[in-house]
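Numbering (UniProt numbering), first residue to last: 1 to 228. Structure first, then comments.
This is the structure we're talking about:
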(Lines of atoms letter the chains of each structure in order from A; the text may use other names.)
(Lines give C-alpha, C1' and ligand atoms only; values in the text may rest on other atoms or scores of the structure.)
Protein backbone atom coordinates (compact mmCIF):
# COMPACT_ATOMS: atom_id res chain seq x y z
CA UNK A 1 0.00 0.00 0.00
CA UNK A 2 2.78 2.38 0.89
CA UNK A 3 4.62 1.61 -2.38
CA UNK A 4 1.50 2.49 -4.39
CA UNK A 5 1.17 5.82 -2.54
CA UNK A 6 4.82 6.72 -3.26
CA UNK A 7 4.39 5.81 -6.92
CA UNK A 8 1.30 8.04 -7.21
CA UNK A 9 3.14 10.99 -5.59
CA UNK A 10 6.17 10.69 -7.91
CA UNK A 11 3.85 10.38 -10.91
CA UNK A 12 2.07 13.62 -10.00
CA UNK A 13 5.43 15.47 -9.65
CA UNK A 14 6.64 14.23 -13.07
CA UNK A 15 3.36 15.06 -14.83
CA UNK A 16 3.32 18.61 -13.37
CA UNK A 17 6.85 19.22 -14.78
CA UNK A 18 5.76 17.99 -18.22
CA UNK A 19 2.66 20.19 -18.14
CA UNK A 20 4.72 23.34 -17.67
CA UNK A 21 6.63 22.55 -20.88
CA UNK A 22 3.56 21.49 -22.89
CA UNK A 23 1.36 24.45 -21.96
CA UNK A 24 3.85 26.95 -23.46
CA UNK A 25 3.53 25.37 -26.94
CA UNK A 26 0.69 25.15 -29.43
CA UNK A 27 -0.22 21.96 -31.24
CA UNK A 28 -0.16 22.13 -35.05
CA UNK A 29 -1.80 19.87 -37.59
CA UNK A 30 -0.23 18.56 -40.82
CA UNK A 31 -2.37 20.93 -42.93
CA UNK A 32 -0.64 23.92 -41.32
CA UNK A 33 -3.70 25.32 -39.49
CA UNK A 34 -3.15 26.55 -35.92
CA UNK A 35 -5.43 25.20 -33.16
CA UNK A 36 -5.53 26.52 -29.61
CA UNK A 37 -5.74 23.80 -26.99
CA UNK A 38 -8.37 23.86 -24.32
CA UNK A 39 -7.07 23.45 -20.82
CA UNK A 40 -9.15 21.33 -18.52
CA UNK A 41 -8.55 20.31 -14.95
CA UNK A 42 -9.24 16.63 -15.61
CA UNK A 43 -6.71 14.04 -16.70
CA UNK A 44 -4.25 15.13 -13.96
CA UNK A 45 -3.94 18.67 -15.29
CA UNK A 46 -3.11 17.63 -18.88
CA UNK A 47 -4.65 19.76 -21.67
CA UNK A 48 -7.56 18.21 -23.52
CA UNK A 49 -6.71 16.63 -26.91
CA UNK A 50 -3.02 16.00 -26.07
CA UNK A 51 -1.21 12.91 -25.03
CA UNK A 52 2.01 12.69 -23.07
CA UNK A 53 5.02 12.05 -25.26
CA UNK A 54 6.98 10.36 -22.47
CA UNK A 55 5.91 7.49 -20.26
CA UNK A 56 7.11 7.20 -16.69
CA UNK A 57 8.25 3.80 -15.49
CA UNK A 58 8.64 2.86 -11.83
CA UNK A 59 11.19 0.21 -10.95
CA UNK A 60 9.85 -1.88 -8.06
CA UNK A 61 12.05 -2.31 -5.01
CA UNK A 62 13.80 1.02 -5.67
CA UNK A 63 13.05 4.74 -5.65
CA UNK A 64 14.29 5.29 -9.23
CA UNK A 65 11.79 6.63 -11.80
CA UNK A 66 12.53 6.21 -15.50
CA UNK A 67 10.76 9.02 -17.38
CA UNK A 68 12.74 8.59 -20.62
CA UNK A 69 14.04 12.18 -20.59
CA UNK A 70 17.79 12.58 -20.98
CA UNK A 71 19.30 14.58 -18.14
CA UNK A 72 22.27 16.84 -18.93
CA UNK A 73 24.59 17.15 -15.98
CA UNK A 74 26.86 19.77 -17.55
CA UNK A 75 25.01 23.08 -17.52
CA UNK A 76 26.51 25.64 -19.90
CA UNK A 77 26.27 29.28 -18.92
CA UNK A 78 26.40 31.99 -21.57
CA UNK A 79 29.59 34.03 -21.22
CA UNK A 80 30.23 37.41 -22.78
CA UNK A 81 33.52 37.44 -24.66
CA UNK A 82 35.84 40.23 -23.49
CA UNK A 83 38.24 41.39 -26.15
CA UNK A 84 41.88 41.59 -25.02
CA UNK A 85 43.44 45.02 -24.55
CA UNK A 86 46.51 45.89 -26.60
CA UNK A 87 48.86 48.78 -26.05
CA UNK A 88 48.94 51.15 -29.01
CA UNK A 89 52.23 51.18 -30.86
CA UNK A 90 52.18 54.74 -32.13
CA UNK A 91 51.52 57.59 -29.72
CA UNK A 92 49.80 60.69 -30.95
CA UNK A 93 51.68 63.92 -30.23
CA UNK A 94 50.30 66.06 -27.42
CA UNK A 95 49.00 69.38 -28.68
CA UNK A 96 49.31 72.48 -26.54
CA UNK A 97 47.36 75.65 -27.03
CA UNK A 98 50.00 78.37 -26.84
CA UNK A 99 48.85 81.98 -26.45
CA UNK A 100 48.97 83.91 -29.69
CA UNK A 101 50.91 87.15 -29.50
CA UNK A 102 49.12 90.11 -30.99
CA UNK A 103 52.28 92.18 -31.40
CA UNK A 104 55.18 90.92 -33.45
CA UNK A 105 58.72 91.10 -32.07
CA UNK A 106 61.24 92.53 -34.53
CA UNK A 107 64.99 93.06 -34.38
CA UNK A 108 66.28 96.54 -33.52
CA UNK A 109 66.95 98.75 -36.48
CA UNK A 110 70.27 100.45 -37.24
CA UNK A 111 68.76 103.92 -37.06
CA UNK A 112 70.07 106.67 -34.80
CA UNK A 113 69.22 105.91 -31.15
CA UNK A 114 68.07 108.87 -29.06
CA UNK A 115 70.11 109.11 -25.84
CA UNK A 116 68.32 109.54 -22.53
CA UNK A 117 69.45 112.68 -20.76
CA UNK A 118 69.23 113.55 -17.04
CA UNK A 119 68.69 109.93 -16.01
CA UNK A 120 70.16 110.47 -12.53
CA UNK A 121 68.71 113.92 -12.02
CA UNK A 122 67.00 113.01 -8.74
CA UNK A 123 70.20 111.55 -7.24
CA UNK A 124 72.26 114.54 -8.30
CA UNK A 125 69.64 116.82 -6.80
CA UNK A 126 69.76 114.91 -3.49
CA UNK A 127 73.53 115.21 -3.35
CA UNK A 128 73.35 118.95 -3.86
CA UNK A 129 70.71 119.31 -1.14
CA UNK A 130 72.84 117.30 1.32
CA UNK A 131 75.90 119.43 0.56
CA UNK A 132 73.93 122.64 1.12
CA UNK A 133 72.51 121.34 4.43
CA UNK A 134 75.98 120.32 5.59
CA UNK A 135 77.36 123.80 4.94
CA UNK A 136 74.43 125.40 6.70
CA UNK A 137 74.89 123.13 9.74
CA UNK A 138 78.61 123.85 9.96
CA UNK A 139 77.98 127.59 9.80
CA UNK A 140 75.35 127.33 12.53
CA UNK A 141 77.27 125.01 14.92
CA UNK A 142 80.77 126.43 14.37
CA UNK A 143 81.28 128.08 17.78
CA UNK A 144 79.49 125.34 19.73
CA UNK A 145 81.71 122.63 18.26
CA UNK A 146 84.84 124.76 18.95
CA UNK A 147 83.78 125.13 22.58
CA UNK A 148 83.31 121.37 23.08
CA UNK A 149 86.62 120.68 21.33
CA UNK A 150 88.45 123.17 23.60
CA UNK A 151 86.99 121.52 26.73
CA UNK A 152 88.03 118.08 25.56
CA UNK A 153 91.63 119.20 24.89
CA UNK A 154 91.80 121.02 28.23
CA UNK A 155 90.80 117.85 30.09
CA UNK A 156 93.48 115.84 28.27
CA UNK A 157 96.11 118.48 29.16
CA UNK A 158 95.24 118.32 32.86
CA UNK A 159 95.62 114.52 32.93
CA UNK A 160 99.00 114.81 31.24
CA UNK A 161 100.24 117.42 33.73
CA UNK A 162 99.26 115.27 36.73
CA UNK A 163 101.15 112.28 35.29
CA UNK A 164 104.25 114.43 34.75
CA UNK A 165 104.17 115.74 38.34
CA UNK A 166 103.89 112.22 39.78
CA UNK A 167 106.86 111.03 37.70
CA UNK A 168 108.97 114.03 38.82
CA UNK A 169 108.26 113.24 42.47
CA UNK A 170 109.29 109.60 41.96
CA UNK A 171 112.56 110.72 40.36
CA UNK A 172 113.34 113.10 43.23
CA UNK A 173 112.71 110.35 45.81
CA UNK A 174 115.00 107.85 44.05
CA UNK A 175 118.18 106.72 45.96
CA UNK A 176 120.87 104.94 43.95
CA UNK A 177 122.59 103.24 46.93
CA UNK A 178 119.43 101.59 48.19
CA UNK A 179 118.58 100.42 44.67
CA UNK A 180 122.02 98.72 44.34
CA UNK A 181 121.67 97.02 47.71
CA UNK A 182 118.27 95.61 46.78
CA UNK A 183 119.59 94.22 43.52
CA UNK A 184 122.61 92.62 45.28
CA UNK A 185 120.37 91.04 47.91
CA UNK A 186 118.23 89.50 45.17
CA UNK A 187 121.30 88.09 43.44
CA UNK A 188 122.90 86.76 46.67
CA UNK A 189 119.69 85.21 47.91
CA UNK A 190 119.94 81.45 48.46
CA UNK A 191 117.70 79.51 46.08
CA UNK A 192 116.70 76.04 47.28
CA UNK A 193 114.76 73.53 45.16
CA UNK A 194 111.42 72.24 46.41
CA UNK A 195 112.30 68.59 45.72
CA UNK A 196 115.41 66.44 46.20
CA UNK A 197 115.81 63.37 43.96
CA UNK A 198 112.11 63.52 43.00
CA UNK A 199 110.79 63.73 46.58
CA UNK A 200 109.14 66.74 48.23
CA UNK A 201 111.04 67.48 51.47
CA UNK A 202 111.24 70.40 53.93
CA UNK A 203 113.76 73.18 53.20
CA UNK A 204 116.04 72.33 56.16
CA UNK A 205 116.53 68.70 55.04
CA UNK A 206 117.14 69.79 51.44
CA UNK A 207 119.75 72.33 52.65
CA UNK A 208 121.48 69.63 54.74
CA UNK A 209 121.66 67.16 51.82
CA UNK A 210 123.04 69.83 49.51
CA UNK A 211 125.74 70.84 52.03
CA UNK A 212 126.82 67.19 52.42
CA UNK A 213 127.04 66.79 48.66
CA UNK A 214 129.09 69.98 48.39
CA UNK A 215 131.49 68.84 51.14
CA UNK A 216 132.09 65.51 49.36
CA UNK A 217 133.00 67.31 46.14
CA UNK A 218 135.49 69.60 47.96
CA UNK A 219 137.06 66.60 49.75
CA UNK A 220 137.66 64.85 46.45
CA UNK A 221 139.13 67.99 44.97
CA UNK A 222 141.50 68.70 47.93
CA UNK A 223 142.71 65.10 48.22
CA UNK A 224 146.40 65.04 49.45
CA UNK A 225 148.87 63.82 46.84
CA UNK A 226 152.52 62.72 47.11
CA UNK A 227 155.07 64.85 45.28
CA UNK A 228 158.70 63.97 44.49
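Built from N, CA and C at the ideal position, the CB exists for glycine as well.
Measuring only the C-alpha atoms, how far is residue 143 from residue 135? In the chain shown, residue 143 corresponds to position 143, counting from 1. In the chain shown, residue 135 corresponds to position 135, counting from 1. So the alpha carbons of these two residues sit roughly 14 Å apart.
Across which residues does DSSP place residue 199 in a beta bridge pair? Taking the chain shown and counting its residues from 1, one reaches residue 199 at position 199. According to DSSP, which records beta bridges pairwise, residue 199 is partnered with 196.
Can you check which of these residues, 206, 224 and 190, is closest to residue 197 by C-alpha distance? Residue 197 sits at position 197 when you count from the first residue of the chain shown. The shortest Cα separation from residue 197 among 206, 224 and 190 belongs to 206.
Residues in its own chain within less than 7 Å of residue 162 by CB, not counting five upstream and five downstream? Counted from its first residue, the chain shown places residue 162 at position 162. Counting only Cβ-Cβ distances below 7 Å, and skipping sequence neighbours, we find nothing.
With DSSP as the reference, label residue 155 as helix, strand or coil. What you label residue 155 is simply residue 155 of the chain shown in a count that begins at 1. DSSP places residue 155 in helix when its eight states are reduced to three.
Taking only three categories from DSSP, how would you classify residue 182? Taking the first residue of the chain shown as position 1, residue 182 is located at position 182. Here residue 182 sits in helix by DSSP.
For residue 147 and residue 176, I'd like the C-alpha separation in whole angstroms. Residue mapping note: residue 147 aligns to position 147 of the chain shown, counting from 1. Residue mapping note: residue 176 aligns to position 176 of the chain shown, counting from 1. Approximately 47 Å between the Cα atoms of the pair.
Whole angstroms is fine: what's the gap from residue 189's alpha carbon to residue 156's? Here residue 189 refers to the residue found at position 189 when the chain shown is read from its first residue. Here residue 156 refers to the residue found at position 156 when the chain shown is read from its first residue. Whole-angstrom Cα-Cα distance: 45 Å.
Compute the beta-carbon to beta-carbon distance between residue 203 and residue 192, rounded to the nearest angstrom, for a pair I have assumed lies under 8 Å. One-based indexing of the chain shown puts residue 203 at position 203. One-based indexing of the chain shown puts residue 192 at position 192. Yes, they are in contact, since the Cβ atoms of residue 203 and residue 192 sit about 6 Å apart, within 8 Å.
Let me know the secondary structure DSSP gives residue 222 once reduced to three states. The sequence position of residue 222 within the chain shown is 222, counting from 1. Three-state DSSP puts residue 222 in coil, outside helix and strand.
Hey, how far is the Cα of residue 227 from the Cα of residue 220? Taking the chain shown and counting its residues from 1, one reaches residue 227 at position 227. Taking the chain shown and counting its residues from 1, one reaches residue 220 at position 220. The straight-line gap from Cα to Cα measures roughly 17 Å.
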